[in-house]
Each structure stands twice: as C-alpha cells, then as structure tokens.
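Engineer: Below: one structure in structure tokens.
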Amino acid sequence: MLSAYREIVKFLLLVAIVLLLPLLIQEGYLLNVMVFVGIHSILALALNLLLGYAGQISLGHAGFFGLGAYISGILTATYSINPWAAMLAAATLVTLLAFIVGFPILKLKGHYLAMATLGLGIIIYIIFNEAVDHTGGPSGLSGIPNLSLGGFSFDSDLRNYYLIWTFTLVAIGLSLNLVNSRIGRALRAIHDSEVAARVMGVNARLLKVQIFALSAGLSAVAGSLYAHTMTFVAPASFGFNFSVELVTMVIIGGLASIYGSLLGAALLTVLPEMLRAFQDYDIIVYGLLLIVITMFMPGGLVKGLPGVLTALRRKAAKEESGDA
Amino acid sequence: MELADQIAQYLVSGLSTGAIYALIGIGFAIIYNSTDIINFAQGELVMLGGMFTLFSLNVLHLPLPLAILFAVAAATAVGVLFERLTIRPLKSPTPLALIIITIGGSILIRGITMMIGGKDTHAIPAFSGSEPILIGTATILPQHLWIFALTALAITANKLFFEYTITGKAMRACAVNRRAAGLVGIDVKRMVLFSFAISSALGSLAGIIVAPLTMTSYDVGIMLGLKGFCAAIIGGLSGGIGTVLGGLLLGVLESLGAGLISSGYKDAIAFIILLLILFIRPQGLFTKAQTERV
Amino acid sequence: MLEVRSLTQRFGGITALEDISFAVAKGDITGIIGPNGAGKTTLFNIVTGLYTQTAGAVLLNGKDISNLPPERLAPLGLVRTFQNIELFGTMTVLENVMLGLHTRSSSGILACMAKMPWHLREERLIRKQAYEWLDFCGISTLAEQKASNLPFGRGRFLEIARAMAVNPSIMLMDEPAAGLNNRETGELAALIRKIRAAGVTVVLVEHDMELVMDICDRIIVLNLGRKLAEGTPREIQENPAVISAYLGEG
Ligand SMILES: Nc1ncnc2c1ncn2[C@@H]1O[C@H](COP(=O)(O)OP(=O)(O)OP(=O)(O)O)[C@@H](O)[C@H]1O
Ligand SMILES: [Mg+2]
Chain G
16 MLSAYREIVK FLLLVAIVLL LPLLIQEGYL LNVMVFVGIH SILALALNLL LGYAGQISLG
76 HAGFFGLGAY ISGILTATYS INPWAAMLAA ATLVTLLAFI VGFPILKLKG HYLAMATLGL
136 GIIIYIIFNE AVDHTGGPSG LSGIPNLSLG GFSFDSDLRN YYLIWTFTLV AIGLSLNLVN
196 SRIGRALRAI HDSEVAARVM GVNARLLKVQ IFALSAGLSA VAGSLYAHTM TFVAPASFGF
256 NFSVELVTMV IIGGLASIYG SLLGAALLTV LPEMLRAFQD YDIIVYGLLL IVITMFMPGG
316 LVKGLPGVLT ALRRKAAKEE SGDA
Chain L
964 MELADQIAQY LVSGLSTGAI YALIGIGFAI IYNSTDIINF AQGELVMLGG MFTLFSLNVL
1024 HLPLPLAILF AVAAATAVGV LFERLTIRPL KSPTPLALII ITIGGSILIR GITMMIGGKD
1084 THAIPAFSGS EPILIGTATI LPQHLWIFAL TALAITANKL FFEYTITGKA MRACAVNRRA
1144 AGLVGIDVKR MVLFSFAISS ALGSLAGIIV APLTMTSYDV GIMLGLKGFC AAIIGGLSGG
1204 IGTVLGGLLL GVLESLGAGL ISSGYKDAIA FIILLLILFI RPQGLFTKAQ TERV
Chain P
45 MLEVRSLTQR FGGITALEDI SFAVAKGDIT GIIGPNGAGK TTLFNIVTGL YTQTAGAVLL
105 NGKDISNLPP ERLAPLGLVR TFQNIELFGT MTVLENVMLG LHTRSSSGIL ACMAKMPWHL
165 REERLIRKQA YEWLDFCGIS TLAEQKASNL PFGRGRFLEI ARAMAVNPSI MLMDEPAAGL
225 NNRETGELAA LIRKIRAAGV TVVLVEHDME LVMDICDRII VLNLGRKLAE GTPREIQENP
285 AVISAYLGEG
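Chains as they are written, first to last, in the numbering used here: chain G, 16 to 339; chain L, 964 to 1257; chain P, 45 to 294.
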C-alpha cells in the first residue's frame, strides 16, 4: 500500500510543478511551447495505452488527432456550434469510428497491424486534403474560436497553458488509475501472452478494440484542444510523419510508462525548438533516436537511463581497477 | 477521345506503374520470407535508386547505363549496411522492435538524402527519348517499354536465382524453416543479408526506371514503398507470380480510379484496397489460410 | 464431464489427430500420453478453443463447446496450463494470479479510470483471493517478484496457481513436470492430488511415466494422431500395442 501513497505524492508533485511553472516562464513563446508539450503528452499517453500496455502498434494516430481537430474546427468555424459541444462531438465520433474500424484492424498483428493503421492514417490525411469544401484543403481551416467558460475566454498563452494542462493532468490521473486496475492488468497480459490471457478469460479481441477506441478518442480530445488554441488547422500537422513522431515519443519515454510519455512528449517538443537552426533535419534526429533507443534502451529513457548509467559507471570502475 | 481509348491509355500507364509496384513488392516478400520482417525502409531504397542515378548523371557525369549500375550498387550497399548495423545486432528482435527500427532507418535515410541532396524535385532523362509510340489509338512511351522489359528481366533473373543456384535454394530453405535450415548447415545470417541485398537491388531498380516518368525527390519513397507492400499483400507475400499480379492489379485499379473517378483520391485507392485485403483475405488473394501455431 | 467425439485435425498435409473419441469422468485424474508429435498439445489446443478442428466435437457437461473461443471457456470452468510456460512476464507473481481472477470481477474501463468505490472493493477482494491461491500452491513468498525472474520450476507452479484462480471445474495440464527436478516433481504430484481434492477434474499430458502411473486414474494413449489405447495405469502398462509403440520409438 506504500506504493499507492508514493504514486499519489508523485502525481501531486507534478501538479505543483505544472501550477508553478508559469512563475518561471512568463515569456509567451515558452508558454506556447509548454502548451504543445501538454497536447503532445495527451497524445503520447493515449498511444502508450495502446502500444505500451496492450502491445498493439498504431501508425495512424495522427489521423485521429486530426479528425478531432477538424471535427471541432468545422463544427465551430463553419456551423457556429459551442466549442465545448464540438469537443464532445469530436471525441464521441472518433471513439465510435475507431471502435467500428477497430474490429477488423485489431484482428491483425505485428507488421500487418502497423501497415493497416498506417493505411488508415493516410486515407484520413488524404481526405483532409481533398475534401476542400469542408476542410479548406491543403491551405487549411481558419477562424476556429477559442474555448471559453462563462465570459472567460482562453485566448492568451497563459490561459491556454492552464487549460491544456488541466486536461493533461486529468488524462494522466485517469490513465494511472486505469493501468493499475484489472483492465490494466488484462492489457499487459495481452501484451505478454495473448493466448494465456484469453485462456484466463480475457476477451482480448474486445478489450483491444475498446482500448483502441479509448486511445483514439483521447487523441481526438487533444486534436480538439489543438484546434481551439491554435484557431487554425491544416493537414500538414496530421500526416504520417506526425504519427511516427508520436510513436517516437512513446518509445523514447518508455513503453508502458505513463510519466515516460510525458518525458517523451516534452523531449520531442522542446528538442526541435532547440534545433531550430537545423530546420527540417530534426527527422534525422528522430530516426537516430528510434534506432538507438530500440537497440540499446528498449525500456525507454525513464527505465533505461539508470541502467545505462550504472553500466557505464561499472565499466569506468573496472577500467580504473584495471589500470591500477 | 473515345472512352475505350481512354481506358486503353489508363491500362498502359496502370500496367507500367503496376510493374514498378511488383518489383518493390517482391523486395518486401524476399525479406519477409527470410526474416519475418516487413522492411519499412524498403521505399527509401526505391528513392535512393532514383537519387543515386541523378547523382551519377549530374555529378559523376557517367553515361546512363553506367549510372544505373552505379545506382543499383550504391543502393544495395546501403541496404546491406542497414541490415548489418541495425537489424543483425538486435538482441531481442520482437516484431515491435523491428517495426520501429526499420521505420527509424527509413526516416534516417530520407533525412540524410534531404540534407545532402536538398528538397527539390528532379527530372531524370528518359532512357531513349520521349517520342510517344502509337499503338492503335493508344500511345505508349518508350520509357513504358523499358519498364516492362527491365521488370520482366529482373523478375526472371530473380526467379532463376531462387530456382537454380545453391544460394537461392538455401534462401528458400530459410524461408520454409529457418531453424531447420540452420541445423543443416545453412548460414542463416548470410541469407538474411542476401535477402536485404536482393530486395535493395530490386527496389532501387524500380526507383530508377520509374524516375523518368514521375520525377524523383527525397520523399518519393514513402508512397512507392507502401504501394509495393500493398502489391505484396495482395500476392500473399509470396515473392513470386502472386506479387507480380498484385502489383499489376493495383497499378491498373489505381490508374482507372484516378482517371475515371477522381485523381485527388488516387493514393487513397491503394490504401483502401490494402485495408480491404487485410480485413478480408490477409493471406492474399491467391493463397489459402494457415492455422497459426500457438 | 468432458467428452471428445471423433476429433480430427489436419494442417495442410499433416493429420495431427484422426478420429479421436474419449470421455473424462468428473473427479478423475486422466493422463494422456504418447510419443513426441502424437498430437497431445494439438488436442488441448482444440479443446481450449485455440484451434478450430477439421471435424468432430467437444462437449463440456453435455454442452457443445466446439466453436467457443478460449475466453468463453474460462467462465464455464475450463482452464489449462502450457507446455512452454506462458506467464505474464512483465507482471508480478501476484498480478499473474490476479489476472486469473479477471472473470470474477467486472469493472469496466470507465469505472477503473474513475476509481469507483465498487471497483476498489472488487480489487481488494481479488488481491486477497490471489494470495490464497498463491498459498494453495506454496509460492506466496514470491508474490512481489516479477514473473519473468522466477526460476523455471516456480513458474510451473505459478501457472497452476493462476489457472486455479479461475475457479475451474476442469483443468488441462500440458507437461507440468517437464523441466522440474525430483523434489519439485514430488511437490507437483501432491499439488495435483490437492487440486483434485478441491473438486477439480484434471487432464494431464505428461512424459514422466512414473508420475502418470502414480497419480492417474485412467490413461489415454495417443500415437501419430490416433488413439492407441485407453484404460487404468495397470492395463496400459501391460498393453502390447502401447509397449511396442514406445519401444519402437526408442
Ligand atoms: N499450427 C500447426 N500447424 C501445422 N502443424 C502443426 C500445428 N500444430 C501442431 N502441428 C503438428 O501436429 C503434430 C502434433 O503436434 P503436437 O504439438 O500436438 O504434439 P505433442 O503430442 O504435443 O508432442 P510433444 O510431446 O512433443 O509436445 C506435429 O506434427 C506438429 O508439427
Ligand atoms: Mg505437446
């Protein structure tokens, strides 16, 4: 039970950091970067539930993210629906869609699953580009309103920061609860041995589809938040490259690690900002990161770094004693 | 133009892109059969074929035939290097790790190509002019003929290699049962390396012969690779005639769909076919399903 | 209790099982023996819904379960263990057993995310019961260990504990003694008897003849996919067809 308290303390610590961070960074640009860290964290978290816990890959999550953004954007900008209602609609529709396509897709395994989700993502991306009448095509959709509560509109960087991070913290809290429950155990069991899990009575087919739908729905919420904070969406943000970027976040932070997703999202959001000078070459860094982490730190940074550090230290110690 | 003529025209271009997909698809199948890996970097080798040809034409000033040979050799070297550096040292080659690594490799190759060669789209001259040849009422470009001829040649050579050479037979043995092949003394690791070499060579050749028609740039690999995979899936990842038919079928459907329905959704057609096949007949159109071992 | 009727299984050209029929009586320990490749594991895979048979039927308590997927069989009280241990390696020993209790709890995704009170109650109950099953199998001191770190023999016992947690009426065990040392095999024999005493019917695939002859009430012999003989341990030991099959193999 001690570990339960430690979990709570860890989470409260995170809440405190989130609350106090704006005291340190007041500059709009940095706050804006933190808004993206928050949105990416939700996405990485959503994907990690599927990829890290259930062990099912998706190379199409940028598509669900984009669907959330576009549904919310179109409903508000074109049809003047209340943004909160639009967000709810986006989440519900995408969850439903994922639930329906999830049945045939999650019958597939490994490479086949990867290719199918990739195909789905690309089809969605093509629709964003081609359904010009609704989406504005490649040049995008603008005039999306900010979210507001009563008369309070989330229209400044600071307000958006608190808005997004409220969602992020709630998503983290709910995910932590989920992965430590019977559902979380069943997901990990499917990952470790699907056959044994089924023999123990876990309806693996259904659970995989459910978690796929949940993951897609959560991504759609992130998409909706993105649309209402940016007030503009264009297809380029939702392509295959972004799906790969999301997978990279999860892998870097660590499969089946909730806080790892946060770290992965933060790294992959802040790093490109720091690598501004290199412009588009950040994909080289992603490629290298994916390869190096998979080869040498399959648990990701959160789990892998301590191990690598001790190994290095041990090696250093050995060399020292060898010299003497 | 009459509808029939139009369709004939779409067929010609569909068959030629289909041939390209088939070549790429066979590359997928060869690697898959010897390693169970779907090499997500396959498309980048196709792209490298075009880019290396460009490099040897414009920078090395080689004549075209030499430029092609150079490009195939260079892309093959990249494919082999990729296997040696990333896949072979992998301690626990789970499907997930392999997917991630080959994706990592693919964006790495793409990124490096972009860094060195820039983001521009380049034209490569057709192998023997671009004077259309009139057949009945449809026209065909000389490059189409090159594509058909070289694809047929490559597929035949590939077939002969697997049927009649010791190495080819050993690779087939690995495809059937890797452990047993290892037990009878076949060097499985070498066969894996060969499979990467052969599929890199086929992929880059596809990239070279299609480049004069479609132009080339650092990012053409993604789509070509995925469509090659689609061809392989239709063919049940067989590496043989199934994948060839799969490629041709895909090329023709795509070309007809683009011409008769909507060109904007052309790329979507391939992926819808891919999803349908995966949902309904994941074992491919031409093979029977097997019971998965537990 | 469990009945198999004219079961046939073909894989492409191979016939792994041909026209197998037998019945397992409630409360018995039934042994299934046969040389490597006889089709024993295939039989288990069909009964537990992992393979779909080419022909024939499987009945549990008179109900046709031939076409039910494995996850539908656990609630009916049918579980199994695996020849190549299938543990949930990234989970703790306790969590492995708690997974066995999956069907005994029902909170959905939303209830788990929101930590609803009934979910927490359920969780406490499952945890307590899981400890009891670890005790039953004599491995409760290992509760907090990661399953992948267990020594092989303990892993076999954990698989049994996990299967018992399902509250089965019949348990199929695929070579539970394989890889165990003598002391552990002794413990296993005692555990299997204890399981039977707890009211669970046991079907045991095993190569360890001493163990089989010691604890089984009835034995079925398979060879090359066909049923060669069936009877009490004594009858089987004296059956000339069985002797020649085993000697012929050796
Ligand atoms: N999914 C499958 N596809 C093809 N052949 C299979 C499959 N599963 C089993 N077989 C074949 O069926 C036959 C019976 O195998 P099975 O595993 O049932 O034997 P067994 O009696 O359990 O042997 P052992 O004592 O070695 O465990 C073998 O020839 C095996 O190769
Ligand atoms: Mg067996």
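Where a beta carbon is used, it is the ideal one built from N, C-alpha and C, also for glycine. Since we're looking at a predicted model, the values are computed, not measured.
Shortest alpha-carbon distance to A92 (chain G) belongs to which of G:I139, G:S272, G:F247, G:I267?
Structural biologist: When only C-alpha atoms are compared, the closest one is G:F247.
Engineer: Taking just the CA atoms, how far does G199 (chain G) sit from E167 (chain P)?
Structural biologist: Looking at the two C-alpha atoms, the distance is approximately 12 angstroms.
Engineer: From the DSSP secondary-structure annotation, give me the bridge partner or partners of G75 (chain P).
Structural biologist: According to DSSP, which records beta bridges pairwise, G75 (chain P) is partnered with P:L248, P:I263.
Engineer: Kindly list, in the order they appear in chain G, the residues whose Cβ is closer than 8 angstroms to that of V123 (chain P).
Structural biologist: Near V123 (chain P) (Cβ distances below 8 angstroms), the residues of chain G are V214, M215.
Engineer: If you compare alpha carbons, which of L:V1139, L:K1054, L:L1011, L:N1002 is closest to A1040 (chain L)?
Structural biologist: Considering only alpha carbons, the answer is L:L1011.
Engineer: CB of Q173 (chain P) to nearest heavy atom of ligand 2: below 7 angstroms?
Structural biologist: No, since every heavy atom of ligand 2 falls outside the 7 angstroms radius drawn around the Cβ of Q173 (chain P).
Engineer: Is the Cβ of A331 (chain G) closer than 8 angstroms to any Cβ of chain P?
Structural biologist: Judged by the 8 angstroms Cβ criterion, A331 (chain G) is not in contact with chain P.
Engineer: Quick one: what does DSSP say T52 (chain P) is sitting in, helix, strand or coil?
Structural biologist: Of the three classes helix, strand and coil, the one that applies to T52 (chain P) here is strand, per DSSP.
Engineer: Identify, in the order they occur along the chain, each residue of the same chain with its Cβ nearer than 6 angstroms to the Cβ of L1113 (chain L), setting aside the five sequence neighbours on each side.
Structural biologist: Taken in chain order, the residues that qualify are I1172.
Engineer: Any heavy atom of ligand 2 closer than 7 angstroms to the Cβ of Q355 (chain P)?
Structural biologist: Nothing can be reported for residue 355 (chain P), as the shown portion of chain P is limited to 45 through 294.
Engineer: Please state whether DSSP places S1091 (chain L) in a helix, a strand or coil.
Structural biologist: Three-state result, S1091 (chain L): coil.
Engineer: Which of the residues in the stretch 282-309 of chain G, read from start to end, lie with their CB under 7 angstroms from any CB of chain L?
Structural biologist: Per Cβ criterion, the list reads D295, Y296, I298, I299, Y301, G302, L303, L305, I306, T309.
Engineer: Just to confirm, is the Cβ distance from I73 (chain P) to L248 (chain P) under 8 angstroms?
Structural biologist: Against a cut-off of 8 angstroms, the Cβ pair of L248 (chain P) and I73 (chain P) comes out as a contact.
Engineer: Excluding sequence positions up to five away, which residues of its chain have a Cβ less than 6 angstroms from the Cβ of A101 (chain G)?
Structural biologist: Around A101 (chain G): S87, L90, T91.
Engineer: Hey, is T85 (chain P) close to ligand 1, as in C-beta under 7 angstroms from one of its heavy atoms?
Structural biologist: True, at least one ligand heavy atom lies under 7 angstroms from that Cβ.
Engineer: Work out the CA separation of M1134 (chain L) and I299 (chain G) for me, nearest whole Å.
Structural biologist: Looking at the two C-alpha atoms, the distance is approximately 33 angstroms.
Engineer: In chain order, what residues of the same chain lie with their CB nearer than 6 angstroms to the CB of G1110 (chain L), ignoring the 5 residues before and after it?
Structural biologist: One detail in the question is off: residue 1110 (chain L) reads as Ile in this sequence, not Gly. Counting only Cβ-Cβ distances below 6 angstroms, and skipping sequence neighbours, we find S979, A982, I1172.
Engineer: Using a beta-carbon distance below 8 angstroms, is S208 (chain G) in contact with chain P?
Structural biologist: With 8 angstroms as the cut-off, S208 (chain G) counts as an interface residue toward chain P.
Engineer: Grab the span of the beta strand (DSSP E) containing R1256 (chain L) for me, first residue to last.
Structural biologist: Unbroken run through R1256 (chain L): none, as it is neither H nor E.
Engineer: At what residue ranges does the stretch 1172-1201 of chain L contain a whole run of the alpha helix (DSSP H), taking only runs of 4 or more?
Structural biologist: List check, alpha helix (DSSP H) in window: 1184-1197.
Engineer: Verify the contact flag: D297 (chain G), CB atom, against every heavy atom of ligand 2, threshold strictly below 7 angstroms.
Structural biologist: Checking the Cβ of D297 (chain G) against ligand 2 gives no.
Engineer: In the stretch 145-200 of chain G, which residue ranges form an unbroken alpha helix (DSSP H) of at least 4 residues, counting only runs that do not cross its ends?
Structural biologist: Whole alpha helix (DSSP H) segments, 4+ residues: 147-150, 172-194.
Engineer: Going by DSSP in three states, L216 (chain P) sits in which element: helix, strand or coil?
Structural biologist: The answer is strand: DSSP assigns L216 (chain P) an E or B state.
Engineer: Beta-carbon separation of E288 (chain G) and V48 (chain G) under 8 angstroms?
Structural biologist: Contact: yes.
Engineer: Flag F1234 (chain L) as yes if its beta-carbon sits less than 8 angstroms from any beta-carbon of chain G, otherwise no.
Structural biologist: Chain G, which has a Cβ nearer than 8 angstroms to the Cβ of F1234 (chain L), makes this yes.
Engineer: Cβ closer than 9 angstroms: which chain G residues qualify as neighbours of M257 (chain P)?
Structural biologist: In chain order: nothing, as chain G lies at least about 28 angstroms away.
Engineer: Are the Cβ atoms of G75 (chain G) and T110 (chain G) separated by less than 8 angstroms?
Structural biologist: No, Cβ-Cβ distance for G75 (chain G) and T110 (chain G) is not below 8 angstroms.
Engineer: Measure how close the beta-carbons of F1045 (chain L) and A1089 (chain L) come, nearest whole angstrom, since I'm counting them as under 8 angstroms.
Structural biologist: Not really, about 30 angstroms apart at Cβ, beyond 8 angstroms.
Engineer: Residues in its own chain within less than 6 angstroms of Y241 (chain G) by CB, not counting five upstream and five downstream?
Structural biologist: Cβ within range, chain order: I54, A84.
Engineer: Output, in sequence order along the chain, the residues in the stretch 1123-1134 of chain L whose CB is closer than 7 angstroms to any CB in chain G.
Structural biologist: So nothing in the stretch comes that close.
Engineer: I994 (chain L) to H1024 (chain L), Cα distance in whole Å?
Structural biologist: Using only the alpha carbons, I get a separation of about 33 angstroms.
Engineer: Could you tell me if K223 (chain G) is buried or exposed, where buried requires 16 or more neighbouring beta carbons within 10 angstroms of its beta carbon?
Structural biologist: With 16 or more other Cβ atoms within 10 Å, it is buried.
Engineer: Let me make sure I understand the geometry here. Which of G:A31, G:G81, G:Y68 has the alpha-carbon closest to that of A251 (chain G)?
Structural biologist: Nearest option by C-alpha distance: G:G81.
Engineer: May I have the straight-line CA-CA distance separating I1070 (chain L) from L1059 (chain L), to the nearest angstrom?
Structural biologist: So the alpha carbons of these two residues sit roughly 17 angstroms apart.
Engineer: Would G134 (chain G) and L1237 (chain L) be called neighbours here (beta carbons separated by less than 8 angstroms)?
Structural biologist: Cβ distance < 8 angstroms, so G134 (chain G) and L1237 (chain L) count as in contact.
Engineer: Mapping the DSSP letters down to three states, classify S192 (chain P) as helix, strand or coil.
Structural biologist: Helix.
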